[in-house]
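Structure first, then comments.
2 protein chains.
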Amino acid sequence: MNFCSNCGAKVTLRVPPGDSVPRHMCDNCGTIHYRNPLLVVGTIPEWEGRILLCKRAIEPRLGYWTLPAGFMELGETTAQAALRETLEEARARVELGEAFTLLSVPQVNQVHLFYRARLIERKFAAGEETLEVGLFGEDEIPWDEIAFRTISTTLRYFFSDRKEGKFHVHAGEILPQK
Amino acid sequence: MNFCSNCGAKVTLRVPPGDSVPRHMCDNCGTIHYRNPLLVVGTIPEWEGRILLCKRAIEPRLGYWTLPAGFMELGETTAQAALRETLEEARARVELGEAFTLLSVPQVNQVHLFYRARLIERKFAAGEETLEVGLFGEDEIPWDEIAFRTISTTLRYFFSDRKEGKFHVHAGEILPQK
C-alpha cells in the first residue's frame, strides 16, 4: 500500500496512538488503513462415501487437486460462501453439514473453514477455475497431488473421524514447513 | 474506495473478466482491489463457573458489556488472536479451550469466533478499550446491556450447553433484526 484509497495522498507506515501495530496512515484525510487475515471457505462434498475433488485450473498450484473453496465475499455468511464456491468450482449442489475444520495459515494471512456436505445428486462438472472434477474413495485420494496442506489435513481428519464413527470439529493451524 | 492504493490513480467499480462481483479496478496499474469479511476473535473466560465480561470504553456500544474480542491481525492464528485480545481488553491470561461459536454477521461483513477459556488466576483489569471488568454468574449477566448479539448468543449457547453437560460447536449466523 502506497496511496490512501480514500483521498489519493501518500500513506506512511507507523503505529497509531493507542495501537501497537504499524498501520498505513494518511496524514491528509486521517484514514487508518487496516489489513486483516481473510477467510477461505469450502466443503467436503460426499457421495456414497467418496469425496469430490477439483483439479485447479488457476495458480497457485495449477493442476493440483483441492476441495471446492474460495474467499468469502462481502454480505455472505460462511455457509453461503461454502455453497457458492461448491457450485462455482464443481458445479455441484450440496446439502451442508456441520463445520468441520477451522485452520489458520498465518504465513499467508488466511483462515480456512471447511464444512461437511452431501451431494444432492450425482451431478458435477468443472467450473471456470477447475480443469477436472472427480469422486475419490479414501484409497484413491491423490495425496501427492493435493494443492494445499489445509486440504490434506482436512481430508485426513475426515477419514480418521469417519473410521472412528464420530465427527469432531478440528480447530488448529498449519505452520510453515521447516 | 476512490483511489488505487498501489499507484494512486482513480479506481472504477466494475465486474472483472471471469468474475461475477463488481470490484474496485485500477486502469492505470491493473490492480483489482478485493474487499472481504473480517474475523473477530475472542474468548469466554471462565473462573469458578462465572464469566468475565468487559464494559466497552469505545464506540460502537460504549458502556455496554462484551466478551473480550477483536479483529484478528496479520500473521496470527485464531488462537493467538483470542489470547491477545483477552490480554489487551481484560488484562487476563487464559488457557484456551475449544472453539465454541462461529457466527457470521453478513450485514457488517464480519465473522465472530469465540473460544471457551479458563482464567489461569483470578487476576484481571480494564485494558485501554475497557471501562470495567467483572465476573458474572449465569443469573448475574446484564442481558439488557450486552453490546452485540453475537455476544448474547454465545453466552446463551454456553449456559445452555453447560446445563446439558456437553459443549458443542455452534456455527450459524446473526441476521438483521426486522
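Residue numbers (the working numbering), protein chains in the order written: chain A, 1064 to 1241; chain B, 1064 to 1241.
Positions of the beta carbon are idealized from the N, C-alpha and C atoms, including for glycine.
The structure displayed is predicted, hence computed values, not measured ones.
If you check the beta carbons only, do residue i and residue j fall under 8 Å apart?
{"i": "L1176(B)", "j": "L1159(B)", "result": "no"}
{"i": "G1133(A)", "j": "V1103(A)", "result": "yes"}
{"i": "W1128(A)", "j": "L1116(A)", "result": "yes"}
{"i": "T1140(B)", "j": "P1205(A)", "result": "no"}
{"i": "L1130(A)", "j": "G1105(A)", "result": "yes"}
{"i": "K1241(B)", "j": "T1193(B)", "result": "no"}
{"i": "R1179(B)", "j": "I1107(B)", "result": "yes"}
{"i": "M1064(B)", "j": "V1074(B)", "result": "yes"}
{"i": "V1174(B)", "j": "L1165(B)", "result": "yes"}
{"i": "A1155(B)", "j": "F1187(B)", "result": "yes"}
{"i": "N1099(A)", "j": "L1101(B)", "result": "yes"}
{"i": "F1230(A)", "j": "F1163(A)", "result": "yes"}
{"i": "E1161(B)", "j": "A1234(A)", "result": "yes"}
{"i": "E1227(B)", "j": "R1181(B)", "result": "no"}
{"i": "C1089(B)", "j": "F1066(A)", "result": "no"}
{"i": "V1232(B)", "j": "V1232(A)", "result": "yes"}
{"i": "Y1097(A)", "j": "R1113(A)", "result": "no"}
Pick helix, strand or coil for residue i, following the three-state DSSP scheme.
{"i": "R1113(A)", "result": "strand"}
{"i": "S1083(A)", "result": "coil"}
{"i": "E1136(A)", "result": "coil"}
{"i": "R1147(B)", "result": "helix"}
{"i": "A1162(A)", "result": "strand"}
{"i": "F1177(A)", "result": "strand"}
{"i": "K1226(B)", "result": "helix"}
{"i": "S1215(A)", "result": "helix"}
{"i": "A1142(B)", "result": "helix"}
{"i": "P1169(A)", "result": "helix"}
{"i": "E1195(B)", "result": "strand"}
{"i": "F1066(B)", "result": "strand"}
{"i": "E1208(A)", "result": "helix"}
{"i": "E1184(B)", "result": "coil"}
{"i": "A1120(A)", "result": "coil"}
{"i": "V1153(B)", "result": "First, the residue type needs correcting, since residue 1153(B) is Ala and not Val in the sequence shown. The answer is helix: DSSP assigns A1153(B) an H, G or I state."}
Buried or exposed, going by whether 16 or more other CB atoms sit within 10 Å of the CB of residue i?
{"i": "V1157(A)", "result": "buried"}
{"i": "G1071(A)", "result": "buried"}
{"i": "L1218(A)", "result": "buried"}
{"i": "C1092(B)", "result": "exposed"}
{"i": "I1209(B)", "result": "buried"}
{"i": "I1214(B)", "result": "buried"}
{"i": "V1084(A)", "result": "exposed"}
{"i": "S1167(B)", "result": "buried"}
{"i": "E1122(A)", "result": "exposed"}
{"i": "G1190(A)", "result": "buried"}
{"i": "I1183(B)", "result": "exposed"}
{"i": "E1148(B)", "result": "buried"}
{"i": "E1203(B)", "result": "exposed"}
{"i": "E1136(A)", "result": "buried"}
{"i": "E1152(B)", "result": "buried"}
List the residues of chain B that residue i touches, going by C-beta distances under 7 Å, in chain order.
{"i": "L1132(A)", "result": "Note that residue 1132(A) corresponds to Ala in the displayed sequence, not to Leu. Those within 7 Å of A1132(A) in chain B number zero; the least Cβ separation is about 14 Å."}
Closer than 7 Å by beta-carbon distance: list the chain A residues that pair up with residue i, in chain order.
{"i": "T1140(B)", "result": "S1167, P1169, E1236"}
{"i": "M1135(B)", "result": "N1099, P1100"}
Just the chain B side, please: which residues come within less than 8 Å of residue i by C-beta, in chain order?
{"i": "M1064(A)", "result": "S1068, N1069"}
Is there at least one non-hydrogen atom of the ligand ZN closer than 7 Å to the beta-carbon of residue i?
{"i": "A1188(B)", "result": "With respect to the ligand ZN, the structure shown offers nothing to examine, as it has no ligands at all."}
_Under 8 Å, CB to CB, which of the residues in the region 1092 to 1122 of chain B have a partner in chain A?_
Cβ contacts with chain A: H1096, Y1097, R1098, N1099, P1100, L1101, L1102.
*Residues within the region 1067 to 1081 of chain B neighbouring chain A, beta-carbon criterion of under 9 Å*: C1067, S1068, N1069, C1070, G1071, A1072, K1073, V1074, G1081
*Compile a chain-ordered list of the residues in the region 1209 to 1237 of chain B whose CB is closer than 7 Å to at least one CB of chain A.*
V1232, A1234, E1236
_Selection of the region 1182 to 1207 of chain B by Cβ proximity to chain A, strictly under 7 Å_ = E1191
*Members of the region 1137 to 1161 of chain B near chain A, C-beta cut-off 9 Å*: L1137, G1138, E1139, T1140, T1141, A1142, Q1143, A1144, E1151, E1161
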